[in-house]
Structure formats: C-alpha cells, structure tokens
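For the record, the sequence lines run as chains A and B. For the first sequence, the working numbering assigns the number 18 to the initial residue and increments by one for each residue that follows. For the second sequence, the working numbering assigns the number 18 to the initial residue and increments by one for each residue that follows. Glycine is no exception: its CB is placed at the ideal position from the N, C-alpha and C atoms. Here the structure comes first, spelled out in structure tokens, and everything after it is commentary.
Number of protein chains: 2
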Amino acid sequence: MSRDTTEDLPADVQRELTVFARRIRAQSGRLHPELPFVAHSMLSQIAADPGCRSVDLVHLYRLDKSTVSRQVADLERRGLVDRAAGPEGGRPQVLQVTPAGAELLAEAARLQREELDSRLVDWSEAEVGEFARLLRRYNGD
Amino acid sequence: MSRDTTEDLPADVQRELTVFARRIRAQSGRLHPELPFVAHSMLSQIAADPGCRSVDLVHLYRLDKSTVSRQVADLERRGLVDRAAGPEGGRPQVLQVTPAGAELLAEAARLQREELDSRLVDWSEAEVGEFARLLRRYNGD
DNA sequence: TCAACTGGTTGTATCTTACAACTTTTTGAT
DNA sequence: ATCAAAAAGTTGTAAGATACAACCAGTTGA
Numbered sequence: 018m019s020r021d022t023t024e025d026l027p028a029d030v031q032r033e034l035t036v037f038a039r040r041i042r043a044q045s046g047r048l049h050p051e052l053p054f055v056a057h058s059m060l061s062q063i064a065a066d067p068g069c070r071s072v073d074l075v076h077l078y079r080l081d082k083s084t085v086s087r088q089v090a091d092l093e094r095r096g097l098v099d100r101a102a103g104p105e106g107g108r109p110q111v112l113q114v115t116p117a118g119a120e121l122l123a124e125a126a127r128l129q130r131e132e133l134d135s136r137l138v139d140w141s142e143a144e145v146g147e148f149a150r151l152l153r154r155y156n157g158d
Numbered sequence: 018m019s020r021d022t023t024e025d026l027p028a029d030v031q032r033e034l035t036v037f038a039r040r041i042r043a044q045s046g047r048l049h050p051e052l053p054f055v056a057h058s059m060l061s062q063i064a065a066d067p068g069c070r071s072v073d074l075v076h077l078y079r080l081d082k083s084t085v086s087r088q089v090a091d092l093e094r095r096g097l098v099d100r101a102a103g104p105e106g107g108r109p110q111v112l113q114v115t116p117a118g119a120e121l122l123a124e125a126a127r128l129q130r131e132e133l134d135s136r137l138v139d140w141s142e143a144e145v146g147e148f149a150r151l152l153r154r155y156n157g158d
C-alpha cells in the first residue's frame with residue numbers, strides 16, 4: 018500500500034484505524050459463522066461486564082437502542098444471554114452470558130486468538146502493553 | 018465501563034480495537050451525510066494512493082470484489098472518482114479522485130479532525146507517533 | 001489458438017443500522 | 001398521592017453494506 022508522506026500524524030492514526038476497522042469486521046464475520054461481528058462484540062462485552070444493561074451497550078458502541086434491542090433479543094433467543102430483572106426487580110433488565118454463550122465465546126476466542134497472536138508474534142510484551150494502553154486512552158471515557 | 022482484569026493483554030487489545038471499530042463506523046456515518054463510512058474510507062484511500070485499482074481496495078479492506086465494485090461505481094456515479102484505462106490502455110482500470118471528490122474529502126476531514134483532535138488533545142506528539150507506529154505495525158503486510 | 005487467470009459486474013439474500021412511533025416503568029415536582 | 005417527564009425497551013419500516021455465486025471481458029502463456 019503506497020502512501021503519501023503526510024507528516025500528519027493524526028491523519029495517519031485515522032487512516033490506520035480505518036483500515037483496522039474495516040478488517041476486523043470482515044475477518045470477524047468470516048471467523049465464526051455462529052457469531053458474527055456484532056453479536057460477538059456484544060456477547061463479549063456482556064461477559065466482560067456482567068449485569069450491564071442494553072442501554073450501556075448503546076452508549077459504549079454509540080448504536081441506536083433499536084439496534085441493540087434486536088441484537089440482544091437475538092442473543093437471548095439463541096440462549097446465549099440471559100435477561101433478568103434488575104436489583105429493584107424493575108425495568109432496567111440486567112444481562113449476563115449463559116453457559117452456552119460462554120462456551121461459544123471461548124470457541125470464538127480460540128479462533129481469533131490464532132489470528133491475533135500471529136499479528137503480535139514478534140512484539141515485545143512491553144509493546145503489546147503500550148498498544149493496549151494507547152488504545153484504551155484513545156477510546157477514552 | 019467496568020472490566021474484568023484479565024491479565025490478558027492480547028485480549029485487551031482485541032476488545033479495545035473492537036470498541037473502536039464499532040465507534041468509528043457509527044461516528045463516521047453520522048459525521049457527513051454525503052460521505053458515509055465506507056464511501057469515505059475508499060475515497061480517502063484512493064486519494065492516498067492515486068492510480069490504484071478496485072482489486073487493491075479488495076485486498077486492503079478484505080472485502081468481496083462485488084462490494085467494492087458497487088461502492089466504486091457509486092463514487093463514480095456521484096462524480097467523486099474517475100475511472101480510466103490503465104497504462105496499457107487495457108482492462109485494469111485505475112482510479113483517482115476528482116476535484117469534487119477532493120473537496121468533499123477535505124470538508125469531511127475538517128469535521129473529523131475536530132473529533133480526532135479532541136481525543137488526542139492531551140497526548141504528547143511522541144505518544145501520537147508511537148500510536149501511529151504501533152497501528153501501522155498491527156495492520157502489517 | 002485456446003485454456004486459465006485476472007479484473008470486474010450483476011442477481012440475490014442476509015445482516016446491520018437508523019429513525020420514528022410506540023409501550024412500559026421509574027422518578028420528581030407539586 | 002398524582003400526574004408529567006424521563007428512561008428503558010420494542011416494533012415498523014427503509015436504506016445501506018456485504019457475501020456468495022454466476023457471469024462477462026480482457027490478458028497471458030503453453
């Protein structure tokens with residue numbers, strides 16, 4: 018991929034992030050037929066933050082609530098997540114991953130891990146750590 | 018956003034990249050109505066690499082060629098890119114951005130720049146440089 | 001010369017998404 | 001306590017993005 022040398026670091030960051038964004042979706046979609054990109058990212062987020070609500074996913078991913086509603090409904094229909102009444106027994110429904118969901122997630126992780134490790138194979142642990150730190154900082158909030 | 022402390026750096030990277038991938042798409046789509054995410058990324062790539070062919074975009078973004086074909090056709094229909102016969106006058110059609118395309122790109126860049134700068138406002142130049150370097154390395158090839 | 005390859009298009013089905021209108025529950029002010 | 005407003009979520013609808021398969025058009029090389 019040839020590239021104009023822009024001397025414009027933020028624009029470089031933007032372009033690299035864009036390439037990445039396109040690829041992860043393409044790759045993720047093909048990786049596991051049972052768990053396409055969107056379903057996977059939500060399921061894995063629920064696993065990382067058990068008890069979160071749909072509206073949290075709306076904010077995290079900046080999606081419309083209708084989109085999240087359908088995605089979560091689909092995950093529930095397939096027995097991968099569980100919706101329960103919140104602490105006050107009321108409306109905010111809290112989400113958690115079912116054992117079946119956890120298993121599917123683990124399987125997908127195994128597959129993705131090969132790809133990820135192959136990309137990071139010659140990185141030092143310090144570099145991976147720095148990369149993770151910068152990404153977290155970029156994502157902010 | 019709470020998070021399990023996994024001690025699993027590659028998985029952290031994966032999750033952060035996923036959040037990013039979701040957001041850039043959501044944000045980009047809303048940023049400029051004339052130039053949604055996909056159209057924008059392709060147009061900006063053609064601008065960065067004038068004379069590239071559709072098949073180059075297929076490889077870069079790991080998309081199906083039919084998808085790229087339709088996207089490029091749409092960009093051409095809207096007068097934003099120009100398709101010409103290649104050096105040998107033959108089949109591989111080379112792409113370049115038209116003046117109208119460049120103008121739209123510049124306008125979108127101004128808008129995106131605000132968002133990007135606001136995220137990087139308290140980063141040192143060294144950090145931005147390191148981030149760009151790590152992203153380039155991650156995207157590899 | 002013709003088979004195989006590369007680049008590209010079109011038909012079709014599916015997935016993702018936004019927006020708008022709606023229901024239900026919770027909360028707050030009077 | 002009551003009722004309006006906010007929050008959480010659902011459903012209808014339309015548009016966009018994508019993959020896969022089948023196809024067409026030039027190019028290349030045996």
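Next item on the list: Give the DSSP-derived three-state secondary structure of residue 73 of chain A in the structure shown.
Entry: Here residue 73 of chain A sits in helix by DSSP.
Notebook entry, point to check: Hey, how far is the Cα of residue 41 of chain A from the Cα of residue 131 of chain A?
Noted result: If you draw a straight line from the Cα of residue 41 of chain A to the Cα of residue 131 of chain A, it comes to about 14 Å.
Checklist line | Sub-7 Å separation of residue 98 of chain B and residue 118 of chain B beta-carbons | finding: For the pair residue 98 of chain B and residue 118 of chain B, the CB atoms are nearer than the 7 Å cut-off.
Check: To the nearest whole angstrom, what separates the beta carbons of residue 15 of chain B and residue 148 of chain A, a pair I think is in contact under 8 Å?
Finding: No information on residue 15 of chain B is available, as it lies outside the stretch 18 to 158 that chain B covers here.
Checklist line | Interface residues of chain A facing residue 89 of chain B [CB-CB closer than 7 Å] | finding: Simply none; closest approach about 15 Å.
Item checked: Residue closest to residue 123 of chain B, alpha-carbon to alpha-carbon, out of B:65, B:100, B:93 and B:39 -> Sorting B:65, B:100, B:93 and B:39 by C-alpha distance to the C-alpha of residue 123 of chain B places B:65 at the top.
Next item on the list: Could you tell me which of B:129, B:86 and B:51 sits nearest to residue 109 of chain B, measuring between CA atoms?
Entry: Measuring from the Cα of residue 109 of chain B, the nearest candidate turns out to be B:86.
Notebook entry, point to check: So who's on the other strand from residue 145 of chain B, going by DSSP bridges?
Noted result: Its beta-bridge partners do not exist; DSSP assigns none.
Check: Mind pulling the chain B residues with CB within less than 8 Å of residue 157 of chain A?
Finding: Near residue 157 of chain A (Cβ distances below 8 Å), the residues of chain B are 136.
Checklist line | DSSP three-state assignment for residue 138 of chain B, whether helix, strand or coil | finding: Residue 138 of chain B carries a coil assignment under DSSP once its states are collapsed to helix, strand and coil.
Margin query: Once DSSP output is grouped into helix, strand and coil, what is the label at residue 95 of chain A?
Written below: Residue 95 of chain A falls in the coil class under three-state DSSP.
Margin query: Is residue 58 of chain A close to chain B? Criterion is C-beta to C-beta, closer than 7 Å.
Written below: Output row for residue 58 of chain A: interface = yes.
Next item on the list: Determine which residues of the stretch 112–132 of chain A have a Cβ less than 9 Å from any Cβ of chain B, and write them out in chain order.
Entry: So the list reads 126, 129 and 130, given in the order they occur along the chain.
Notebook entry, point to check: Starting from residue 80 of chain A and walking both ways along the beta strand (DSSP E), at which residues does that stretch end?
Noted result: Counting along the chain, residue 80 of chain A sits inside no beta strand (DSSP E), nor does DSSP assign it H or E at all.
Notebook entry, point to check: When you compare each of A:49, A:111 and A:28 to residue 127 of chain A by their alpha carbons, which one comes out closest?
Noted result: Comparing Cα positions, the closest option is A:49.
Check: Hey, does residue 70 of chain A have any beta-carbon neighbour from chain B nearer than 7 Å?
Finding: Taking a beta-carbon distance threshold of 7 Å, residue 70 of chain A does not count as an interface residue toward chain B.
Checklist line | residue 52 of chain B, DSSP secondary structure in three states | finding: Assigned with DSSP and collapsed to three states, residue 52 of chain B falls in coil, not helix or strand.
Notebook entry, point to check: Looking at C-alpha atoms only, which residue of A:142, A:154 and A:129 is the closest neighbour of residue 58 of chain A?
Noted result: The closest CA to that of residue 58 of chain A, considering only A:142, A:154 and A:129, is found on A:129.
Checklist line | Nearest-angstrom beta carbon gap, residue 112 of chain A and residue 63 of chain A [assumed within contact, 8 Å] | finding: Contact between residue 63 of chain A and residue 112 of chain A holds: CB atoms are separated by about 5 Å, below the 8 Å threshold.
Margin query: Can you give me the C-alpha to C-alpha distance between residue 83 of chain A and residue 156 of chain B, rounded to a whole angstrom?
Written below: Inter-residue distance for residue 83 of chain A and residue 156 of chain B is about 32 Å (C-alpha atoms, whole angstroms).
Next item on the list: Using the Cα positions of residue 153 of chain A and residue 34 of chain B, report the straight-line distance between them to the nearest angstrom.
Entry: In a straight line, the C-alpha of residue 153 of chain A is about 9 Å away from that of residue 34 of chain B.
Check: What does residue 110 of chain B reach in chain A if we use C-beta pairs closer than 8 Å?
Finding: Residues of chain A whose Cβ lies closer than 8 Å to the Cβ of residue 110 of chain B do not exist; the shortest such Cβ separation is about 18 Å.
Next item on the list: Tell me whether residue 135 of chain A is buried or exposed, calling it buried when 16 or more other Cβ atoms sit within 10 Å of its Cβ.
Entry: Looking at its Cβ environment, which holds fewer than 16 other Cβ atoms inside 10 Å, residue 135 of chain A is exposed.
Next item on the list: Run the CB neighbour count on residue 101 of chain A, radius 10 Å, all protein chains shown included, and call it buried at 16 or more, exposed below.
Entry: The residue in question, residue 101 of chain A, is exposed, as its Cβ has fewer than 16 Cβ neighbours within 10 Å.
Margin query: Does the CB of residue 152 of chain B have a neighbour CB from chain A at under 7 Å?
Written below: It does: the Cβ of residue 152 of chain B has a partner Cβ on chain A nearer than 7 Å.
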